[in-house]
Each structure stands twice: as C-alpha cells, then as structure tokens.
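Here it is in structure tokens:
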C-alpha cells in the first residue's frame, strides 16, 4: 500500500470537496459517483492518476484531479481506504 | 435504479468469474480491482458500458464486458448493488 497520511487526507478531502459527491464516510451522495469507503488504495491511486492525465474521462474528476500532487493522492486515498467496511450479501 | 435480477446476477457472476477479482461478497481479491459491494448500480452500469465500448481501458474488463448484453449488466450490477454495506470512519 502506498504511503499517505489519513489525517492529512481528511483535511484535503474537505478542501477538495470530495465529500460532496463521495461522502465523508465514503458512501456516495450521487448515483453517478462511486462509494469510496474501504476501497483499495492501489485502485484509487490508479483511478485518480487516470483522471489527472485525462486517460479516464469525467468532467468533474478531470478538473479536480488535474492539479493534485502524488502526495495529495496518497493522502486522500489513505483516508478513504482506512474506512472499515462490513458487508452482507443477499440471501441465495 | 435500473432493473436487474439479483439471483440471475449471482449466477452470471459465477459464469463470468467476476468473483475471482471482485469477490462473491464484492470485496476485492486483488489490489487493482475495486470493491463492488454495495456500489451504486448507476455507477456500475456506466462503468461496464464504458468497458464494453472501450472508452474505459482495462484489458481484462474490456474482454469480459465486450459480449455483455444490457440485461446481463443490469443483473450483475443488481447483485453487487444489493450487498449491504456498513462503514466505520477512522477517528478524527
């Protein structure tokens, strides 16, 4: 797992307004925005990198990710990855 | 939320081997594969559509998504969306 400071991530999430769509608890506020709670950090780092480079297209995320430094990405993903997840599957 | 049959989705997930990377419970088995447990169905439908068309690039997902019909996408996303999620944020 990449480095990243969870507390710094929590602060950067407030500044970047991630929580407006993805929730402070990582549970999405909008149908088009994914839950990030407990998401794997490697996956989120790759996703943010792809939004930053423009390889992955989303108007909002391309704008937000463009100025991010690698350390910012490490911090915000450390925060969302640190949210503990409990799941319950539907009955068979 | 799109239509989709949860039980048909569970069967298609087995056939498509989604669980090898994303888990039967939607919790990822690989660092590069996202958790899908309780993920929003609209988001997952858009993601699978983008993999199917090639707009979003991932060798494995482009191959798996290419032959899927809309009904397959509705079913498998209905299953993963139906997994109940409980989250616990890190202490401030």
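Residue numbers (this note's numbering), protein chains in the order written: chain U, 171 to 262; chain C, 171 to 262.
Think of the CB as a built atom: it goes at the ideal place given N, C-alpha and C, for glycine as much as any other residue.
Check the Cβ-Cβ distances between residue i and every residue of chain U, and say whether any is below 7 Å.
i	result
residue 254(C)	yes
residue 190(C)	no
residue 229(C)	no
Nearest-angstrom Cα distance between residue i and residue j?
i	j	result
residue 199(U)	residue 256(U)	19 Å
residue 227(U)	residue 221(U)	6 Å
residue 258(U)	residue 201(U)	21 Å
residue 254(U)	residue 262(C)	14 Å
residue 171(C)	residue 177(U)	Residue placement at residue 171(C) cannot be trusted, given a pLDDT of 46 that sits under 50; what the coordinates show is reported in the next sentence. Near 35 Å, if we compare the C-alpha coordinates of residue 177(U) and residue 171(C).
residue 190(C)	residue 196(U)	24 Å
residue 281(C)	residue 235(U)	Because chain C spans 171 through 262 in this model, residue 281(C) falls outside it and cannot be assessed.
residue 244(C)	residue 194(U)	28 Å
residue 174(C)	residue 213(C)	14 Å
Let me make sure I understand the geometry here. Which of the options has the alpha-carbon closest to that of residue i?
i	options	result
residue 251(U)	192(U), 239(U) and 235(U)	192(U)
residue 242(C)	197(C), 219(C) and 189(C)	219(C)
residue 187(U)	211(U), 230(U) and 177(U)	230(U)
residue 215(U)	260(U), 177(U) and 249(U)	249(U)
Within 10 angstroms of the Cβ of residue i, are there 16 or more other Cβ atoms? Answer buried if so, exposed if not.
i	result
residue 204(U)	buried
residue 208(U)	buried
residue 181(C)	exposed
residue 185(C)	exposed
residue 233(U)	exposed
residue 224(U)	exposed
For residue i, which of helix, strand or coil comes out of DSSP?
i	result
residue 200(C)	coil
residue 227(C)	coil
Beta-carbon of residue i versus every beta-carbon of chain C: anything under 7 Å?
i	result
residue 179(U)	no
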